[in-house]
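Heads up: the sequence shown begins at 8 in the numbering used here, then just goes up one per residue.
Yeah, the Cβ is synthetic: ideal placement off N, Cα and C, and Gly gets one too.
Down below is the structure, laid out as structure tokens.
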Amino acid sequence: KQWYQRRVRATDCSSSTKCKSPILVEYTGLDTAKYGCGSCTIGTEGITCVSCEANEDAPCNGAVSTGKTFKCFPYAFNTTTKAWEAGSEAGTCIANEDTSIACNKPGESADQDYVVPHSGCGPCTAEAISANTCVQCEEDSCNSAAALSFVILPLIAAFFNLV
């Protein structure tokens, strides 16, 4: 079995009935914490790892769902052009099965110090939307640079028709 599918029974652990397993970190994927005996490392419980009490008949740290995948584009600030640029290829995002698809990208007010959350995967915070530093969309690969051109090109055409 793969490391993320292994289960540990309490009887497999000589001195502990506590077991641990990784958790699915939203928009990032299954954490690298290992399945095993004992408690999670201090400071990781509920963040990257979960502990449970096992009994002799059944493990408590069953295989964790690897979630659903979708694509979003990463963004980087180009210091030469002084502008945000979408990556050439969309990256893979991983979320819980019941989580809505969401991608994000820098908004008009995002300066070069802005950090794009989860490499473009997931929603923007309410504060970032209010500050116009982040724009979000709810479809697979919706945060590409081309997606923005569908809005801008008709506006440019309308402008030149007025001139």
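Whole-Å CB distance - residue i paired with residue j, under 8 Å assumed
i, j, result
"ILE108", "PHE77", "5 Å"
"ASN150", "CYS110", "4 Å"
"THR106", "GLU33", "6 Å"
"LYS112", "VAL122", "That belief does not hold up - the Cβ atoms of LYS112 and VAL122 are roughly 12 Å apart, past 8 Å."
Buried/exposed call for residue i, threshold 16 Cβ in 10 Å
i, result
"SER143", "The residue asked about is misnamed: residue 143 is Gln in this sequence, not Ser. Classification of GLN143: buried, given that the 10 Å Cβ count is 16 or more."
"ASN62", "exposed"
"SER28", "buried"
"ASN85", "exposed"
"GLY53", "exposed"
C-beta atoms of residue i and residue j nearer than 8 Å
i, j, result
"ALA117", "THR140", "yes"
"SER72", "GLU104", "yes"
"THR55", "ALA70", "no"
Nearest neighbour of residue i, chosen from the options [CA to CA]
i, options, result
"ASP38", "LYS112, GLU145, VAL57, GLY127", "VAL57"
"GLU92", "GLY45, THR55, GLU134, GLN119", "GLN119"
"GLY114", "GLU134, GLY98, SER95", "GLU134"
"ASN68", "SER126, LYS25, GLY36", "LYS25"
"ILE30", "GLY45, ASP147, THR51", "THR51"
Close Cβ partners of residue i (< 7 Å) along its chain, the five nearest in sequence each way excluded
i, result
"LYS8", "Reliability fails at LYS8, whose pLDDT of 41 lies under 50, so the model's placement of it is uncertain and no value is given."
Neighbourhood of residue i by C-beta, 6 Å cutoff - its chain only, sequence neighbours within 5 removed
i, result
"GLY94", "PHE80, PRO81"
"SER148", "LYS78, ALA97"
Same chain, Cβ closer than 8 Å to residue i, neighbours up to 5 away in sequence not counted
i, result
"CYS59", "LYS25, CYS26, LYS27, SER28, CYS67, ASN68"
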